[in-house]
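Heads up: the structure comes next, in structure tokens.
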Amino acid sequence: MKPEEILSHPARALNQAQREHYFEKGYVSVEGLVPDDILAELLATTDSFVEASRVETQSGKVFDIGPGHSAETPVLRRIKMPDDQHEAYWRFAAETLGNVAADLAGPNVVYHHSKLNFKWFDETDRVRWHQDIQFFPHTNYNVFTIGCYLADTDMNNGPLAVMPSSHNEPLFDQYDADGSWTGMLSDDDAATLDMDLVDYLTGPAGTLTIHNCRTLHFSPPSKSTAPRPLLLNCFASADAKPYTPHPDPSSHATDLICGEHVRWADHDPRPCQIPPDWSGGYTSIYAAQAGENAI
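Under the numbering used here, the first residue of the sequence shown is numbered 89, with each subsequent residue one higher.
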């Protein structure tokens, strides 16, 4: 569906100004939509996973752990597929965020994936400039990620940062000069970006950050010793159909969140770079950007 068609439907969770900001700028940040009891449940669930990660010595199907991880000092970079790991995460994605997703995708919404990223006061937690859609091309660009800060987030602990209106510009190459996938812009391309335009999305725990799949974004390293967890859920309009293997499908990938499945795909004429063949598995953006297991 085109933005004007989506905006013609009554708002369910966001207000009209927030929806218009998303379509104009490629992102929006929203406070006050996550009920306190649901946020508390997410925090307690996440704390239990951090504790469980202490016994792990290498990344696996549930945890992506960083250099220096130990029982005494966990460096948990990501909980993989949280929607499959605990019912609290899936309920939040499917129920709490359902109407938010419909406000931006239109009445027919499907689920794509989730992840829970952490920052741990370590230079390795920096996420470099990138765009999401090159990881999972679709027939159109009505695909977006809704993040939820699980801790108060300011400039001290590495907030998500976006480049306004970059979703309307051409996509960048996310392979390096040798043809290896890096999942990020080259240093030369990143140097062309005007950092004075960057919007750093800060806010209290429960703040939602929403960005389009074409929007340029990154996050700086944290300067705080307290971890900063960000729960991310990706959704798509039902008429946006993937045409490459899913990087990391959970059991809920392609589940219908709102409305109904559609019989016609919508095709955006703008091209999209094709990623490596993910059918053999995927690690994480941290591993790709660090050059771990280069593809």
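All residues carry an ideal CB built from backbone N, CA and C; glycine is no exception. All figures in this text were calculated on a predicted structure; none of them were measured in a lab.
Are residue i and residue j touching if we call contact CB-CB under 7 Å?
i, j, result
"Asn196", "Arg100", "no"
"Thr270", "Arg316", "no"
"Glu144", "Ile153", "yes"
"Leu121", "Leu296", "yes"
"Val116", "His109", "yes"
"Ala293", "Ala239", "yes"
"Tyr237", "Leu318", "yes"
"Arg214", "Pro309", "yes"
So residue i and residue j are in contact, right, with Cβ under 8 Å, and what is the actual spacing, rounded?
i, j, result
"Leu192", "Gln219", "With 8 Å as the limit, Leu192 and Gln219 do not qualify as a contact, their Cβ atoms being about 17 Å apart."
"Gly194", "Met89", "4 Å"
"Val163", "Trp208", "5 Å"
"Val198", "Ile298", "Their Cβ separation, rounded to whole angstroms, is 16 Å, which puts Val198 and Ile298 out of contact at 8 Å."
"Leu130", "Ala176", "6 Å"
"Asn244", "Lys329", "In fact, because the Cβ distance is near 41 Å, the residues do not count as touching under 8 Å."
"Pro363", "Phe223", "6 Å"
"Trp217", "Phe306", "5 Å"
"His355", "Thr227", "5 Å"
Quick one: is residue i buried, meaning 16 or more other Cβ sit within 10 Å of its Cβ, or exposed?
i, result
"Gln173", "buried"
"Gly235", "buried"
"Arg351", "exposed"
"Asn205", "buried"
"His97", "exposed"
"Ser254", "buried"
"Gln104", "exposed"
"Ser202", "buried"
"Ala314", "exposed"
"Ser147", "buried"
"Asp365", "exposed"
"Pro335", "buried"
"Arg302", "buried"
"Ala132", "exposed"
"Arg107", "buried"
"Pro225", "buried"
"Arg165", "buried"
"Ile94", "buried"
"Ser141", "buried"
"Gly369", "exposed"
"Asn381", "Low confidence applies to Asn381: its pLDDT is 47, below 50, so where it sits in the model is not reliable, and the reading given next is rough at best. Burial call: exposed."
"Thr82", "No information on residue 82 is available, as it lies outside the stretch 89 to 383 that the chain covers here."
"Gln262", "buried"
"Met283", "exposed"
"Gly114", "buried"
"Ala190", "buried"
* Are the segment 225–237 and the segment 316–328 touching, with three or more C-beta to C-beta distances below 8 Å? -> yes
Check your understanding: Would you call the segment 158–178 and the segment 324–344 in contact, with 3 or more CB pairs under 8 Å?
Key -> yes
Within the chosen definition, does the segment 241–257 reach the segment 281–288 through at least 3 CB pairs nearer than 8 Å?
yes
- Query: Which full runs of the beta strand (DSSP E) of 3+ residues lie inside the segment 324–370, going along the chain?
  - Reply: 344–346
List, from N- to C-terminal side, the alpha helix (DSSP H) runs of 4 residues or more that fit wholly inside the segment 134–183. 170–173 and 175–179
- prompt: Hey, which unbroken runs of the alpha helix (DSSP H) at 4 residues or more fall wholly within the segment 107–137?
  reply: none
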